[in-house]
Amino acid sequence: MKKILLVEDHAIVRLATRFLILDLLNPVAVHEAGSFSETLSQLSSNELDLVILDINIPDGEGFNMIPKIREIQPKVLIMIFTSLEEEIYALHYIKAGANGFLSKNASQEEIKKAILSMLEVGNYISTAVQQQLLRNTLENKPNGENPLEHLSQRELEVMDMLIEGYWTKEIAIKLNLTESSVSTYKSRIFDKLKVSTLIEMFKKVQYYKSQNPGI
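So our numbering is basically just the index in the sequence shown, starting at one, shifted up by 9.
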């Protein structure tokens, strides 16, 4: 029997996804967690086949959640399931060690397809991300034309928190960094996006997120 951990802090999303999994697989054991601390607890007490992981959860740690999950269960499959834009974040999370990435905007059929692919093949990325990866390979570039793709994993985390309105000190505490390190990341983000203020950064991020490059 397959054992799946569903990590999602919104009860109604968790319930809907649980029903979908139960309809798709039989038999199956679905465990649930609403925070990252609960996730680690579940991993410590249950041998799992698949973790369906939302990124924005209480006490979540962004990209750092993946190696921490692997410390407890090295072979467990991890599929990121998020509302974040896949054309920006998918390849970063795959590079960080996730086995799959799926947008919450996906249809029920694609969600089912993704779960089956994870359990049967061991990985899943959408057609859109496959096209993006192919384009980058054919162009012989590590990233596409979208400057957001040139940001490192840590820079993406800092950028998102700046957009959410966090101050430098708050970001430093949340990401376990020094304030000077956060300022350095901020400068790199500004340099890569060719902006000089937070307002310019916000506008440019919104613009490039709306372009859906390679899709």
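Every residue gets a Cβ at the ideal spot worked out from N, C-alpha and C, and that includes glycine.
With DSSP collapsed to three states, give me the class of residue 41.
strand
Alpha-carbon spacing of residue 66 relative to residue 83, whole angstroms
22 Å
Taking DSSP as the reference, what is the three-state secondary structure of residue 210?
helix
Cβ of residue 194 within 8 Å of Cβ of residue 173?
no
Taking the C-alpha atoms as reference points, what is the distance between residue 88 and residue 59?
7 Å
Residue 109 versus residue 191 - alpha carbon distance
29 Å
Could you tell me whether the stretch 91-100 touches the stretch 66-82, where touching means 3 or more Cβ pairs closer than 8 Å?
no
Let's see if you can read the secondary structure: which residues bound the beta strand (DSSP E) around residue 110?
109-112
Leaving aside the five residues before and after residue 23 along the sequence, list all residues of the same chain whose C-beta is less than 7 Å from its C-beta, in chain order.
15, 17, 41
Less than 8 Å between the C-beta atoms of residue 128 and residue 120, yes or no?
no
Can you tell me the Cα-Cα spacing of residue 152 and residue 140, whole angstroms?
At residue 152 the pLDDT is 47, less than 50, meaning the model places this residue with poor confidence; the figure from the coordinates comes in the next sentence. In a straight line, the C-alpha of residue 152 is about 13 Å away from that of residue 140.
Would a C-beta distance cut-off of 8 Å place residue 85 and residue 125 closer than the cut-off?
no
Taking C-beta to C-beta, are residue 107 and residue 75 nearer than 8 Å?
yes
Reducing DSSP to helix, strand and coil, say where residue 11 ends up.
strand
Given that a residue counts as buried once 16 or more other Cβ atoms are within 10 Å of its Cβ, and exposed if not, what is residue 216?
exposed
Which same chain residues end up closer than 8 Å to residue 210 when comparing Cβ atoms and leaving out the 5 residues on each side of it in sequence?
168, 171, 172, 198, 199, 202, 204
Given a cut-off of 8 Å on the beta-carbon distance, is the pair residue 37 and residue 10 in contact?
yes
Count the other CB atoms within 10 Å of the CB of residue 61; is the residue buried (16 or more) or exposed (fewer)?
buried
Euclidean distance between Cα positions of residue 28 and residue 53:
25 Å
Below 7 Å CB to CB, which residues in the same chain sit around residue 113 once its five sequence neighbours on both sides are set aside?
90, 91, 92
How long is the line joining the alpha carbons of residue 48 and residue 101, rounded to whole angstroms?
21 Å
By the 10 Å Cβ neighbour count, where 16 or more other Cβ atoms means buried, how is residue 21 classified, buried or exposed?
exposed
Among 73, 156, 175, 214, which residue has its Cα nearest to the Cα of residue 103?
73
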